[in-house]
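*Asks:* Per the numbering used here, the sequence shown starts with residue 344, numbered consecutively.
We put the CB at the ideal spot given by N, CA and C, even for glycine.
The following block contains the structure, expressed as structure tokens.
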Amino acid sequence: REPMHHDLSPVYATAPLRISFVGGGTDFPHYYEEHGGAVLSATIDHRVRVTIRPRVDRQVTVRSLDLGHLVEYQLDEGPEYDGVMDLAKAAIDRVGVAGGIDVAIRSDAPAGSGLGGSSSLVVAVVAALAALGRIPMTADRLARLSYSIEREDLGIPGGSQDQYAAAFGGFNLIEFDRSGARVRPVRLAPSTLAELEAKLLLCYTGSVRRNVGIIDRQIAFWREGREETRMGLKELQELAYVMRDAVETGNPDELGARLRDAFEAKMRMNPSITEHTRVERMLELARHAGATGGKMCGAGGGGYLLLYCDPEAQAPVRARLSELGCQFAPFRFHGMGVRATRGSESWAPSI
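If you want it as structure tokens, here you go:
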């Protein structure tokens, strides 16, 4: 018998990370099913990259090129979920593959840093597997599938904004309710986008706290009926529209100034987000050095700060925070969502 011909050409996939300006917390079902939710976010040129190479056997290997982790298992036995590369293992398990594969993953930001990296990783792996299996998919289905893998299959707490940001790409207002999510592109003049890029600083605080129960506490506050939590969430939701309107009408300085409101609303929602971190001190120092607005990225615990600062005030802000060990990460907005290629074939979700 002729040996079966395997197409062993690799798949390359990439998904963007994102900056969330406001609205995180309103993208949880316990809130938006009752009140609706809204998040303002934009994808940037920091990305997660995934390579999948088919094998001729039934072995699966998953490697993190950043962390040096290597996981190996037989496809027919399935993976062990032990906290090492679980996101990729769960994606492979959910989407399915015809044979063994080697998966290599690289990310421009550490996990837990507040740029949506975990969800971007899942979206990129799912897209790579879809390209491998020639499975067509809408961006909405890709986002929902990635959410199910992360939140349901693995039980990792969190919202659903990141999956939509990575799947769709762009500068968007993402609305949530019982019927699902709607991604509404924000209409910015090129000059407004350029001004935002010139005045926003992305600053890595040098530390990430993971699995410290921040989100669990946030949900508990809500379920207990804590008034401050309810007020904070309502304010975050309203600010998403205020900040969207500011950039659509060509007033990015208004968005910058509102970053502080967004951070204070988030603190009202969940005061534990900065516990045992220097985030509040860093934001205060940045403000004294000339930043007109700033917030912590993500659900809390460290990672990146997003600061808004006129170019002439940026040198003292950088100097002050660099003394505390902060590192500034250059970035640009990048509107492309997840993509995959295999040889001459390209794969992208349909919008």
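1) Compute the beta-carbon to beta-carbon distance between GLY502 and PHE371, rounded to the nearest angstrom, for a pair I have assumed lies under 8 angstroms.
2) Would you call the segment 361-376 and the segment 464-477 in contact, with 3 or more CB pairs under 8 angstroms?
3) Taking the alpha-carbon of ASN515 as reference, which of ARG663, LYS638, ALA634, ASP505 has the nearest alpha-carbon?
4) Which of the three DSSP states, helix, strand or coil, is assigned to ILE499?
5) Note down, one range per segment and in chain order, each alpha helix (DSSP H) of at least 4 residues found wholly within the segment 470-516.
6) For LEU475 and VAL354, which I take to be in contact (beta-carbon distance under 8 angstroms), what is that distance rounded to the nearest angstrom?
7) Could you check the C-alpha separation between LEU695 and ARG560 for me, to the nearest Å?
8) May I have a chain-ordered list of the alpha helix (DSSP H) segments no shorter than 4 residues that lie completely inside the segment 594-622?
9) Among ASP429, TYR424, VAL440, whose alpha-carbon lies nearest the alpha-carbon of VAL399?
10) Give the DSSP-derived three-state secondary structure of LEU408 in the structure shown.
11) MET428: which of LEU410, ALA508, GLY442, GLY599 sits nearest, CA to CA?
12) So ALA434 and VAL469 are supposed to be a Cβ contact under 8 angstroms. How far apart are they, rounded?
13) Entirely within the segment 377-409 and at least 4 residues each: give me those alpha helix (DSSP H) ranges in chain order.
14) Can you tell me the Cα-Cα spacing of ARG487 and ALA508, whole angstroms?
15) If we ignore side chains and look at the alpha-carbon of each, how far apart do LEU413 and ILE517 end up?
16) Would GLY599 and TYR651 be called neighbours here (beta carbons separated by less than 8 angstroms)?
17) What is the residue span of the beta strand (DSSP E) that ILE444 lies within?
*Replies:* With the structure as the only source:
1) Position 159 of the sequence shown, counted from the start, is the residue given in the question as residue 502. Position 28 of the sequence shown, counted from the start, is the residue given in the question as residue 371. Their Cβ separation, rounded to whole angstroms, is 5 angstroms, which keeps GLY502 and PHE371 in contact under 8 angstroms.
2) no
3) Your numbering for residue 515 matches position 172 in the sequence shown. Among ARG663, LYS638, ALA634, ASP505, the Cα nearest to that of ASN515 belongs to ASP505.
4) Here residue 499 corresponds to residue number 156 of the sequence shown, with the count starting at 1. Three-state DSSP puts ILE499 in coil, outside helix and strand.
5) 482-490, 504-511
6) Looking up residue 475 in the sequence shown gives position 132. Looking up residue 354 in the sequence shown gives position 11. About 5 angstroms separates the two Cβ atoms, so the contact holds.
7) Residue 695 falls outside the range modelled here, since the chain spans only 344 to 694, and no answer is possible.
8) 595-612
9) Within the sequence shown, numbered from 1, the residue matching residue 399 stands at position 56. Of the candidates ASP429, TYR424, VAL440, the one whose C-alpha sits nearest the C-alpha of VAL399 is VAL440.
10) The residue given as residue 408 occupies position 65 in the sequence shown. Residue state, collapsed to three classes: coil.
11) Taking the first residue of the sequence shown as position 1, residue 428 is located at position 85. Comparing Cα-Cα distances from MET428 to each of LEU410, ALA508, GLY442, GLY599, the minimum goes to LEU410.
12) On the sequence shown, position 91 is the one that residue 434 refers to. On the sequence shown, position 126 is the one that residue 469 refers to. Right, the Cβ-Cβ distance comes to about 5 angstroms (below 8 angstroms), so this counts as a contact.
13) none
14) As a first step, residue 487 must be located in the sequence shown, where it is residue number 144. As a first step, residue 508 must be located in the sequence shown, where it is residue number 165. When rounded, the distance between both Cα atoms is 12 angstroms.
15) Indexing the sequence shown from 1 puts residue 413 at position 70. Indexing the sequence shown from 1 puts residue 517 at position 174. Distance between the alpha carbons of LEU413 and ILE517: 35 angstroms.
16) Along the sequence shown, read from residue 1 onward, the residue named residue 599 stands at position 256. Along the sequence shown, read from residue 1 onward, the residue named residue 651 stands at position 308. It is a contact, given that the beta carbons lie within the stated cut-off.
17) For the purposes of this step, residue 444 is taken as the residue at position 101 of the sequence shown. Run containing ILE444: 444-450, per the beta strand (DSSP E) assignment.
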